[in-house]
Amino acid sequence: MPADEAELVAALNLNRGELNERMGVELLEATPERVVGRMPVEGNRQPYGLLHGGASVVLAETVGSMAAMLTAGPENAAVGLEINASHHRAVTSGWVTAVATRLHAGRSVATFEIRITDDGGRPVCTCRLTCMLRSRPPAGGVVPGRG
0 MPADEAELVA ALNLNRGELN ERMGVELLEA TPERVVGRMP VEGNRQPYGL
50 LHGGASVVLA ETVGSMAAML TAGPENAAVG LEINASHHRA VTSGWVTAVA
100 TRLHAGRSVA TFEIRITDDG GRPVCTCRLT CMLRSRPPAG GVVPGRG
């Protein structure tokens, strides 16, 4: 991993957000075209002892949103519009790894495919995330000229 990418991953890991910290999400790689992250199954299971489907979606939205933010660039913002998930296999222990790959990036919309696998590389969940790319509002949430 290049030094500038390592610095970016370290910075993103420091600013993961409350939910990601609670769930143990770690970012491993980060470029606008591809973001990789992982999450422990332990602590993220539903009552039957299986990885919670919602936890998979949180991991997917995290890596996809990070990729969208990198695609938008530092002067802009990415806002999620839609996410869907297909769950393929149950997981009861270990880690799951998510790889977000950019499918499309236009001026106002970016779409990512996120594949989540278990420690054996078997598919656990596949998601698609679409984000709107827009001007970042200043502190206070108002974009100049727009109210």
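Just so it is clear: in the sequence shown, position 8 is 7 by numbering that gives the first Met the number 0, and no numbers are missing.
Where is the CB? At the ideal position from N, CA and C, for every residue including glycine.
Spatial neighbours of residue i in its chain, beta-carbon cut-off 8 Å, leaving aside the 5 residues before and after
i	result
T125	A84, S85, H87, E112, I113, R114 and I115
A82	First, the residue type needs correcting, since residue 82 is Ile and not Ala in the sequence shown. Within the same chain, I82 has close Cβ partners V56, A59, E60, G63, C126, R127, L128 and T129.
V90	V40, L49, L50, D117 and V123
Segment limits, alpha helix (DSSP H) that includes residue i
i	result
N155	For the chain, the structure presents residues 0 to 146; residue 155 sits outside this window and is missing.
S55	G52 to A71
Terminal residues of the beta strand (DSSP E) in which residue i lies
i	result
G79	N75 to H86
L27	E25 to A29
E112	V108 to T116
S125	With the sequence shown as reference, residue 125 is identified as Thr, and Ser is not the correct amino acid for it. Here the beta strand (DSSP E) through T125 covers P122 to S134.
G89	According to the sequence shown, residue 89 is Ala rather than Gly. Taken as a continuous stretch (DSSP letters only), A89 belongs to no beta strand (DSSP E), as it is neither H nor E.
Candidates the options, of which the one nearest residue i by Cα
i	options	result
L102	R37, A66, T61 and L26	A66
N43	L27, S55 and E74	S55
L80	L50, A109, P122 and E28	A109
R21	L69, T61 and A89	T61
C130	V123, R121 and A99	A99
A104	G16, P31 and P46	P31
G18	E28, G53, R33 and V35	Here residue 18 is Leu; the residue named in the question, Gly, does not match the sequence. If we check each option's Cα against that of L18, G53 comes out closest.
Own chain residues within Cβ distance below 7 Å of residue i, not counting five before or after
i	result
D118	G93 and W94
Other residues of its chain near residue i: CB distance less than 6 Å, five sequence neighbours each side excluded
i	result
A77	A67, M68, A71, C130 and L132
T96	R37 and T116
Nearest-angstrom Cβ-Cβ length linking residue i and residue j, presumed shorter than 8 Å
i	j	result
L58	V24	6 Å
R135	E74	6 Å
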